[in-house]
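For our numbering, add 40 to where a residue sits in the sequence shown, where the first one is 1.
Report on the structure given below.
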Amino acid sequence: MPFIRLWSHHEDMAYAHLQIKQYDSAIYYQQLNNLDIQTVTMDPKVRKKFVAFSRGYSIDIQLAKKQYDSVLVQVLPTVQKLRQSKDVVPFMQTLLILGKVYDAKGDYETSLRYTRELHHVAIQLPNKRLLKDANELLASLYAHLNKGDSAYLYFRQYTLMKDSMETAQFAGRTALYLAASEAESRIRLLKKDKELKEQQLISNKKDLEKQSQLKNLLLAGLFALMLFSILVVRNIILKRKNEKLQHEQAQLRLKRKALELEMQALRAQMNPHFIFNCLSAIDNLIQTNQSDKATNYLSRFAKLIRGVLDSSKNNIVPFQKDFETLRLYLEMEQFRCNNKFTYDLDADPELLQGDYKVPPLIVQPFVENAIHHGLLNKQDSNRKLLVLAQLKDHHIVYSVTDNGVGRRRAAILKEINRPSQQSYGIAVTRERIHLHNKNDLANDVLITDLEQEGLPAGTKAVVRIDSSEF
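Pasting the structure below:
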């Protein structure tokens with residue numbers, strides 16, 4: 041049976057009313073179209089195929105009216121059956137509908153699961169139209185989930201497919217127009233030949249003039265077509281160059297920000313007071329004829345300075361090297377503070393033996409705060425510091441715990457003793473951690489006030505660093 045007989049004008053009327061949001065009229069004409077199909081054919085396969093279009097309009101209308109729960113009631117029971125059947129296109133259309141519904145409801149994780157499955161099936165089939173829709177929806181979902189890199193990747197794929205499909209459609213239409221023009225020209229020539237036979241002498245001159253006009257028209261049309269094609273290609277090239285330039289500029293800004301943060305962190309870690317106090321303490325050993333101790337601490341101080349300077353040249357360093365630098369720093373802090381506090385520094389064996397990378401001295405500002413603001417402000421001699429490094433779920437988790445006076449008391453003492461001094465070490469370190477982890481999660485840095493029987497009992501800082509074994 042010819043396909044055109046199955047597609048009545050009622051289907052076109054339903055589509056027109058759907059576009060102008062007259063949903064009741066769209067449903068009415070779609071029902072008439074279903075009656076037409078039942079009248080024209082008794083073939084169940086043909087009926088099923090064309091009734092699927094009707095179901096699609098019904099779903100589109102419910103989506104436009106935001107009747108999401110009603111759509112889920114209709115669609116969800118059919119998903120598993122379609123997944124097991126060989127009717128792939130309705131299955132992909134159902135996955136697209138579910139992705140759109142859950143996206144509209146704000147359930148982005150569920151929408152992402154169905155849309156990923158649609159993307160996988162569309163690639164395997166392949167189906168360019170549904171793959172394009174999947175890329176567009178994935179870009180929107182990752183944007184909602186604040187995953188900019190993934191959103192950009194799928195938006196780029198969607199843009200390339202859209203441009204490719206539009207270019208192919210344009211080429212097809214152009215070929216159709218040229219073919220129609222050529223057919224019209226042949227008909228015109230046949231008519232002219234007939235006229236030439238009847239009036240050869242009279243119509244000769246007119247025929248030549250018409251042929252000349254037709255050639256000029258064709259040349260002008262071809263020239264306009266070539267010019268338009270050049271402009272389209274140039275626009276696509278410029279658009280891609282602009283996207284590449286924007287991406288490079290964004291990467292450059294990130295690298296520049298990372299460099300600035302590393303320099304600020306280096307300046308914070310190598311503050312003049314620390315260096316001066318260490319050298320003064322070593323000089324005091326020399327003056328009191330404790331040359332062995334002076335040589336020992338001078339060697340450790342030199343190793344610490346060398347470790348900090350070497351680490352400042354790289355964005356990431358081996359965990360073992362950074363941990364050893366932190367150990368040297370704690371030894372020098374304990375030495376220059378005249379052993380006023382004790383400390384324990386420990387790490388999981390897997391971290392010490394594995395090939396893990398971390399930003400250099402990432403927890404040093406937290407250790408320094410614990411010593412100078414927590415422990416040294418404490419009146420009694422029971423001053424303890426515990427620094428642990430553990431591997432948990434592809435993250436290196438540092439915990440810095442002290443039994444000092446707590447943040448509130450430390451802030452009061454700082455306001456009394458050094459009201460004009462501002463510390464940026466923790467703020468800079470937070471930015472370094474977010475930049476390394478490629479997120480802005482608040483739980484990457486957690487600082488907790490410890491209490492015992494309602495009284496301040498110290499502070500605990502927990503830092504999460506994303507680190508994979510290389």
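All C-beta atoms in this analysis are idealised placements derived from N, C-alpha and C, irrespective of residue type, glycine included.
Treat the numbers as computed from the prediction; the structure is a model and nothing was measured.
For Y438 and F406, the gap between their C-alpha atoms comes out near 10 Å. In this structure, I99 places its C-beta atom within 8 Å of the C-beta atom of V111.
Put simply, the backbone Cα of L236 is about 57 Å away from that of D173.
By the CB criterion at 8 Å, V445 and V427 fall outside the cutoff. Secondary structure of P400 (DSSP, three-state): coil. Counting along the chain, R169 sits inside the alpha helix (DSSP H) bounded by residues K168 to H184. Here H184 has Y148 as same chain residues with Cβ atoms under 6 Å from its own Cβ, once five neighbours each way along the sequence are excluded. Closest in C-alpha terms to K168, from the list R448, Y198, L116 and L229, comes Y198. DSSP places L425 in the strand class (E or B) of the three-state scheme. Per DSSP, reduced to three states, the secondary structure at H476 is helical. For the pair G498 and A450, the CB atoms are not nearer than the 8 Å cut-off. DSSP, reduced to helix, strand and coil, places G498 within a strand of the structure shown. The beta carbon of T150 sits closer than 6 Å to the beta carbons of Y142 from its chain, once the five residues preceding and following it are set aside; these are given in chain order.
Per the C-alpha coordinates, the member of G494, D480, T488 and Q492 positioned closest to I505 is D480. For K145, the CB contacts under 7 Å within the same chain, skipping 5 residues up- and downstream, are Y108 in chain order.
The beta-bridge partner set that DSSP reports for E491 consists of P496. In this structure, DSSP gives K284 a helical state, which the three-state scheme calls helix. Taken through DSSP and simplified to helix, strand or coil, I315 comes out as helix. No Cβ-Cβ contact shorter than 8 Å links S351 with I436. Where T150 is concerned, there is no enclosing beta strand (DSSP E), although the alpha helix (DSSP H) around it starts and stops at Y148 to Q164. Within its own chain, the residues whose Cβ lies closer than 7 Å to the Cβ of M372, once the five positions on either side in sequence are excluded, are C318, R340, F341 and L344, listed in chain order.
Beta-bridge partners of T441 (DSSP): L426 and K500. Per the DSSP secondary-structure output, V357 pairs in a beta bridge with V398. Contact annotation: T155 and L171 have beta-carbon atoms that are not nearer than 8 Å.
In the three-state DSSP reduction, D384 falls in the strand class (E or B). The shortest CA-to-CA distance from F375 to any of H476, Q102, I322 and A191 is the one to I322.
Nearest to E283 by C-alpha distance, out of L262, N355 and Y192, is Y192. It is roughly 26 Å from the alpha-carbon of L349 to the alpha-carbon of L325. Look at K432 here: in three-state DSSP terms it is strand. The beta carbon of D247 lies closer than 7 Å to those of K232 and L236 in the same chain, with the five residues before and after it left out. Counting along the chain, N336 sits inside the alpha helix (DSSP H) bounded by residues S331 to S351. Measuring C-alpha to C-alpha distances from I411 to each of A501, A179 and D386 identifies A501 as the nearest. Pairing R470 with I356, the inter-Cα distance amounts to about 16 Å. Put simply, the backbone Cα of A208 is about 15 Å away from that of F268.
Comparing C-alpha distances from N422 to each of K380, Q133 and E491 shows the shortest one belongs to K380.
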